[in-house]
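**Q** FYI, in the working numbering the residues of the sequence shown are 20 to 383. C-beta: ideal position from N, C-alpha, C; glycine also. The structure displayed is predicted, hence computed values, not measured ones.
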Amino acid sequence: MSQALFSPFSYKGLKLKNRIVMAPMTRGFSPDGIPGDDVAAYYQRRAAAEVGLIVSEGTVVKRPASSNSPNYPHFYGEKALAGWKHVVEAVHSAHGKIAPQIWHQGIVKPLGTWLPPAPFEGPSGLVKEGQSGGISMDSAAIEATIQAFVDAAVSAQKLGFDCLELHGAHGYLIDQFFWAAMNKRSDIYGGATLRERSRFAIDIVRSIRQAVGPDFPIILRLSQWKQQDYKARLAETPEELSAWVQPLADAGVDIFHCSQRRFWEPEFASSPLNFAAWVKKLTGRPTITVGSVGLNGEFLQAFRGESSAPQSFDALLEGLERGDFDLVAVGRALLSDPDWVVKIKEERLSELRGFQQEDLSRLY
């Protein structure tokens, strides 16, 4: 297997043994928002099996309607933070590194019959284009939400996490502000251009950077596609992409986590570069590529009950060796098999197992 995949990575205070990241995968195994011993053991297994960096499942900030499930872990409150402290200690005891993914879902559809104690909130009250699903955030709500992200970031640093990730992708709150279909505002957090609609994210990043100092790495996850619209695109050209990501880098993003449905697909027709490669080229910052790594079916198929089998790593290794991107995030393969990294390193490829839908419903 390519040495590039197992070479060390270092940026600011983050030092990783290899280039493999465990992608954030929301599990919903934290009753009342509190991660327990089973969650700690789940992450510890991956750390012990040589995952370079673990990015946790989405953890929600302190807002009345920041999630649509009571079982998504909180990143606030004494009990939840004590649970995350135990997770950090478990991962570090296995010589691993971990970041929390800090999240606000924005306006989303309810899961089942449970509802949060307040209406879902977003830039314009829309759950998808043309359909109301919550309330439009006023200036006080925006200010409080930015502070909630800052508080969560400060907690991550105090708890001993190695870095943090902000979820700015896939049609959740930060991404809803980016997206013209969801953001119809006429104030400073809206606008005709993607650069104008990035103000909310920029203010969050800048405020976090001020609070945690210059050396604590901030990762930002971005995507063109949305859960509401798989074909959505925020930036149609490299120039539009630059106008989006460069101000975020200037605000304090250290590493961009660039989500595609299929990582091997070119981002623009004019070039073979994928999303992560373009963002690295435009900002000069390290990037993480993600999207159906190691499997022959994309993750959206999993929710339709479809399985995926292992596939060739040639395209991934070629991109990494060229320096198109710096890190590789693996989701379902690591969810199904905690020893996935060791098997890749030792070239035990015949032992790799595919992904099955039932893997989503267990914490192994």
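(1) For Leu72, does the count of other Cβ atoms within 10 angstroms reach 16, so buried, or fall short, so exposed?
(2) How big is the Cα-Cα spacing for Val347 and Glu76?
(3) Let's see if you can read the secondary structure: which residues bound the beta strand (DSSP E) around Ser29?
(4) What are the boundary residues of the beta strand (DSSP E) that includes Phe275?
(5) According to DSSP, is Phe374 helix, strand or coil?
(6) Below 6 Å, is the gap between the Cβ of Ser29 and the nearest heavy atom of the ligand FAD?
(7) Would Val312 and Val349 be called neighbours here (beta carbons separated by less than 7 Å)?
(8) Throw me the rounded Cβ distance for the Pro236 and Ile274 pair, which I believe falls under 8 Å.
(9) Less than 8 Å between the CB atoms is what I'm expecting for Ile126 and Ile165, so what's the real figure, rounded?
(10) Beta carbon of Leu221, beta carbon of Glu184: below 7 Å?
(11) What separation, rounded to the nearest whole angstrom, lies between the Cα atoms of Asp390 and Ser174?
(12) Excluding the 5 residues flanking Ile154 on each side, which residues of the same chain have their C-beta closer than 7 Å to its C-beta?
(13) Measure the CB-CB distance between Phe196 and Pro142 and report whether it falls below 7 Å.
(14) Where does the unbroken beta strand (DSSP E) through Thr78 begin, and where does it stop?
(15) Using the Cβ count rule (16 or more neighbours within 10 Å means buried), how would you classify Tyr61?
(16) Contact check, Phe28 vs Asp345 under 8 Å by CB: the rounded distance?
(17) According to DSSP, simplified to helix, strand and coil, what is Ser174?
(18) Return the chain-ordered list of same chain residues with a C-beta closer than 8 Å to the C-beta of Glu340, the five sequence neighbours on each side being excluded.
(19) Given a threshold of 16 other Cβ atoms within 10 Å of its Cβ, counted over all protein chains shown, does Gln150 qualify as buried or as exposed?
(20) Which residue's Cα is closest to the Cα of Tyr95: Val106, Val80, Trp359, His186?
(21) Report all residues from its chain with a CB closer than 6 Å to the CB of Asp194; omit the five preceding and five following residues, and keep chain order.
(22) Leaving out five residues on either side along the sequence, give the residues of the same chain with a beta carbon under 6 Å from the beta carbon of Arg214.
(23) Which same chain residues, not among the five before or five after Asp292, have their C-beta less than 8 Å away from its C-beta?
(24) Just tell me which of Arg82, Pro89, Gln375, His111 has its CA closest to the CA of Ile53.
(25) Can you give the Cα-Cα distance for Ala109 and Gly210, rounded to whole angstroms?
(26) The alpha helix (DSSP H) that contains Ser242, what's its start and end?
(27) How far does the beta strand (DSSP E) with Lys147 in it reach, from first residue to last?
(28) Alpha carbon to alpha carbon, what distance is there between Thr306 and Ala334?
(29) Closest to Trp198 by CA distance: which of Lys98, Ala172, Val146, Ala160 is it?
(30) Rounded C-beta distance between Phe282 and Gln243? I'm assuming under 8 Å.
(31) I'd like to know whether the C-beta atoms of Gln265 and Thr302 end up nearer to each other than 7 Å.
(32) Pick out whichever of Ala268, Leu382, Leu354 has its Cα sitting closest to the Cα of Val40.
(33) Taking only runs that begin and end inside the stretch 176-231, name each unbroken alpha helix (DSSP H) of 4 or more residues, in chain order.
(34) Let's see if you can read the secondary structure: which residues bound the alpha helix (DSSP H) around Tyr63?
(35) In the DSSP output, which residue or residues are listed as bridge partners for Leu35?
(36) What would DSSP say about Glu284, mapped onto helix, strand or coil?
**A** According to the structure data:
(1) buried
(2) Between the alpha carbons of Val347 and Glu76 lies a distance of about 17 Å.
(3) 28-30
(4) Per DSSP, the unbroken beta strand (DSSP E) holding Phe275 starts and ends at 274-278.
(5) strand
(6) Among the components modelled here there is no ligand, and therefore nothing to report on the ligand FAD.
(7) Yes, the Cβ-Cβ distance between Val312 and Val349 is below 7 Å.
(8) 6 Å
(9) Actually they do not touch by this definition, with Cβ atoms about 17 Å apart.
(10) Inspection of the sequence shows that residue 221 is occupied by Ile rather than by Leu. No, the Cβ-Cβ distance between Ile221 and Glu184 is not below 7 Å.
(11) Because residue 390 is not part of the residues shown, which for the chain are 20 to 383, the question remains open.
(12) For Ile154, where only same-chain residues beyond five positions count, the Cβ hits under 7 Å are Pro138, Glu140, Gly144.
(13) yes
(14) 72-79
(15) buried
(16) 6 Å
(17) helix
(18) Ser21, Ala23
(19) exposed
(20) The shortest Cα separation from Tyr95 among Val106, Val80, Trp359, His186 belongs to Val80.
(21) Gly187, Ala188
(22) Ala262
(23) Per the sequence presented here, residue 292 reads as Leu, with Asp not at that position. Excluding residues within five positions, the ones whose Cβ falls inside 8 Å are Pro285, Glu286, Lys300, Asp343.
(24) Nearest Cα to Ile53 within the set Arg82, Pro89, Gln375, His111: Pro89.
(25) Using only the alpha carbons, I get a separation of about 45 Å.
(26) Not the alpha helix (DSSP H): Ser242 falls in the beta strand (DSSP E), residues 237-242.
(27) Run containing Lys147: 145-147, per the beta strand (DSSP E) assignment.
(28) 16 Å
(29) Val146
(30) About 13 Å separates the two Cβ atoms, so there is no contact after all.
(31) Gln265 places its beta carbon less than 7 Å from that of Thr302.
(32) Leu354
(33) 192-197, 213-216, 218-231
(34) The sequence shown places Gln at residue 63, rather than the Tyr named in the question. Start and end: 56-67.
(35) The secondary-structure analysis by DSSP pairs Leu35 across a beta bridge with Phe28.
(36) In this structure, DSSP gives Glu284 a state outside helix and strand, which the three-state scheme calls coil.
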